[in-house]
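Below is one structure, written out as structure tokens; comments come after it.
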Amino acid sequence: MTRGRLRSAGYAVSAGSQAGDNYLGVLFRVVVTEDGDEDKPGLRLILKGMPLSAKRREQMQVGSFFDNEFHAYRTVLPALARFLADKAVDDVKEPGLFPNTARCHEASSGGEEGQDTLVLEDMRPLGFTMHDRRVGLDEHHVRAVFKSLSFLHAASMAMEAQRPKDFAKIRNVVGEVLFDSNNAMLAQLEVVVKRTYGFVADRFPEGSAGYKKLQGLIDGYGTATAALVAPSNTTPNAITHGDSWTNNLLFKYAQAGDKDRAEEVCLVDFQLCRYAPPVLDLVYAVYCCTTREWRDAHLDKMLREYHDMLSGTLRRLDCDPDQLYPWTTMQAQLKERGRFGLCMAVLTVPLFLADSEELPDLDAQFESGQDMGEMLAVESKSAPERNKRLSDTLEEMIQRGWM
Numbered sequence: 017m018t019r020g021r022l023r024s025a026g027y028a029v030s031a032g033s034q035a036g037d038n039y040l041g042v043l044f045r046v047v048v049t050e051d052g053d054e055d056k057p058g059l060r061l062i063l064k065g066m067p068l069s070a071k072r073r074e075q076m077q078v079g080s081f082f083d084n085e086f087h088a089y090r091t092v093l094p095a096l097a098r099f100l101a102d103k104a105v106d107d108v109k110e111p112g113l114f115p116n117t118a119r120c121h122e123a124s125s126g127g128e129e130g131q132d133t134l135v136l137e138d139m140r141p142l143g144f145t146m147h148d149r150r151v152g153l154d155e156h157h158v159r160a161v162f163k164s165l166s167f168l169h170a171a172s173m174a175m176e177a178q179r180p181k182d183f184a185k186i187r188n189v190v191g192e193v194l195f196d197s198n199n200a201m202l203a204q205l206e207v208v209v210k211r212t213y214g215f216v217a218d219r220f221p222e223g224s225a226g227y228k229k230l231q232g233l234i235d236g237y238g239t240a241t242a243a244l245v246a247p248s249n250t251t252p253n254a255i256t257h258g259d260s261w262t263n264n265l266l267f268k269y270a271q272a273g274d275k276d277r278a279e280e281v282c283l284v285d286f287q288l289c290r291y292a293p294p295v296l297d298l299v300y301a302v303y304c305c306t307t308r309e310w311r312d313a314h315l316d317k318m319l320r321e322y323h324d325m326l327s328g329t330l331r332r333l334d335c336d337p338d339q340l341y342p343w344t345t346m347q348a349q350l351k352e353r354g355r356f357g358l359c360m361a362v363l364t365v366p367l368f369l370a371d372s373e374e375l376p377d378l379d380a381q382f383e384s385g386q387d388m389g390e391m392l393a394v395e396s397k398s399a400p401e402r403n404k405r406l407s408d409t410l411e412e413m414i415q416r417g418w419m
């Protein structure tokens, strides 16, 4: 509903997230009502703003992440949606709205310090819900995630192939923000990930072959990961989501309450959106949000399904997937970049598995002068599961030949 159709608006505001749901922003759920009548909701919105703590904004360089997301919602996704509409793809339900994303009503960036804001459609009234981040995704959820990601990747690949000049204009408005060498936060993250040595010590003690493999990734973590997320010079790249973990994936089920049949996925939070090899999104999702037992049973099949879905979309967009992105090329990318899944797991899994009450109040702790490395060094009752998941991931990376 447009603003002009609300004659006399009232509104109600509530928290849109809890500790552990969002680290680089603050979410509010806003219900705008016509004539103040709560039985006549006009707009249901998610307002995403910057953290209140100035020290947190500065030390985490929050402005860079908001700028990147601003450009994703205002430039990149609408351009891809227009390309799809020109190709008469019926997945585009309204002009400028890219499928499987939330409508962006308003966005501001680069103005008064600390005031950057995104106003998005609240997807909850449309049946989308958040999955428990502490519970691993199963086959049905991963398939739905891969379907949404494959559509994003295929649309950008096709646009680059068919309209290279137009695509070049949007490709460079998003870029690397987390693993940027100018990001002062990287030094703190390198301190945090060194704790991984202790987490995997039972299976990979100091001096073991696995320990040495891990050491090659952890020592110089920022530089090593920056190389993995950089665009490839030899194989295809795509516009990637960049932060494809559970809380940034909203699920809609075939029947309300039936958590076994995920039907659609809405991708949210494009702060890490980048132009890079598409396999990065896949290994981030599966190695940070699934278990080894699930991967042993399903991952190889699911990777092939992803490629089939991507290939099908490329054909709909008049591209030949066997020329643009054959299965052999995807396999080569996985071998070259697959360890990015471990790079993100050592950083995120300890946080993803923790209960909300175990996670820090970042605003308060930044204002008290606490070191960010100490804040993110979360101790949790989930430690046994954390240690198992990280040990499993390291072991699997070695077995797959990705390290």
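With the sequence shown counted from 1, adding 16 to any position gets you my numbering. Ideal Cβ positions, reconstructed from N, Cα and C, are used throughout, including at glycine.
Leaving out the 5 sequence neighbours to the left and right, which residues in its chain are closer than 7 Å to residue i when beta-carbon positions are compared?
{"i": "S172", "result": "L96, A254 and I255"}
{"i": "A174", "result": "L330, L333 and C335"}
{"i": "Q415", "result": "none"}
{"i": "L113", "result": "A97 and R119"}
Could you please give the first and the last residue of the uninterrupted alpha helix (DSSP H) stretch that includes residue i?
{"i": "C305", "result": "V295 to C305"}
{"i": "R290", "result": "Looking at the DSSP string, R290 is not in any alpha helix (DSSP H); the run it does join, the beta strand (DSSP E), is R290 to A292."}
{"i": "A370", "result": "A370 -> no alpha helix (DSSP H), and no H or E assigned at all."}
{"i": "K137", "result": "Before going on, a small fix: residue 137 reads as Glu here, not Lys. Premise fails: E137 lies in the beta strand (DSSP E), T133 to E137, not in any alpha helix (DSSP H)."}
{"i": "E395", "result": "First-last for E395: undefined, no H or E at that position."}
To the nearest angstrom, report how far apart residue i and residue j are at their CA atoms.
{"i": "S125", "j": "N84", "result": "9 Å"}
{"i": "A348", "j": "C359", "result": "18 Å"}
{"i": "A200", "j": "M419", "result": "27 Å"}
{"i": "S327", "j": "E129", "result": "44 Å"}
{"i": "R72", "j": "N249", "result": "36 Å"}
{"i": "G65", "j": "L134", "result": "7 Å"}
{"i": "V92", "j": "L168", "result": "11 Å"}
{"i": "A170", "j": "V105", "result": "13 Å"}
{"i": "H157", "j": "T212", "result": "28 Å"}
{"i": "G385", "j": "S69", "result": "11 Å"}
{"i": "L61", "j": "P252", "result": "36 Å"}
{"i": "V48", "j": "S30", "result": "12 Å"}
{"i": "K103", "j": "A246", "result": "29 Å"}
{"i": "D218", "j": "Y322", "result": "35 Å"}
Thinking C-alpha only, which one of the options is nearest residue i?
{"i": "F286", "options": "R72, N263 and K275", "result": "N263"}
{"i": "R9", "options": "K163, A399 and V394", "result": "The structure shown has nothing for residue 9, since the chain only spans 17 to 419."}
{"i": "T306", "options": "L283, M346, P293 and L369", "result": "L369"}
{"i": "M391", "options": "A225, G258 and L367", "result": "L367"}
{"i": "D148", "options": "K275, L296 and R355", "result": "K275"}
{"i": "A243", "options": "L266, R277, L194 and D154", "result": "L194"}
{"i": "V189", "options": "A380, D324, E309 and R290", "result": "R290"}
Start and end of the beta strand (DSSP E) containing residue i?
{"i": "S124", "result": "C120 to S124"}
{"i": "A254", "result": "A254 to T256"}
{"i": "M146", "result": "F144 to M146"}
{"i": "L283", "result": "A278 to L283"}
Go through its chain and collect everything with a Cβ distance to residue i's Cβ below 8 Å, but skip five positions before and after it.
{"i": "Y27", "result": "V46, V47, V48 and T49"}
{"i": "P221", "result": "Y227"}
Does the distance between the C-beta of residue i and the nearest non-hydrogen atom of the ligand SAM fall short of 7 Å?
{"i": "A240", "result": "With respect to the ligand SAM, the structure shown offers nothing to examine, as it has no ligands at all."}
Which same chain residues, not among the five before or five after residue i, have their C-beta less than 6 Å away from its C-beta?
{"i": "H483", "result": "No answer is possible for residue 483: the residues shown for the chain start at 17 and end at 419."}
Extract the residue ranges of the alpha helix (DSSP H) inside the segment 157-219, only unbroken runs of 4 or more that lie entirely within it.
Runs of the alpha helix (DSSP H) lying entirely within the segment 157-219, each at least 4 residues long, are 180-187, 201-209 and 212-215 in chain order.
Complete runs of the alpha helix (DSSP H) confined to the segment 302-344 [at least 4 residues]:
With a minimum length of 4 residues, the continuous alpha helix (DSSP H) runs that stay inside the segment 302-344 are 308-332 and 337-340.
At which residue ranges does the segment 26-108 contain complete alpha helix (DSSP H) runs of 4 or more residues, listed in the order of the chain?
Taking 4 residues as the minimum length, the alpha helix (DSSP H) runs contained wholly in the segment 26-108 are 70-75, 78-87 and 93-102, in order along the chain.
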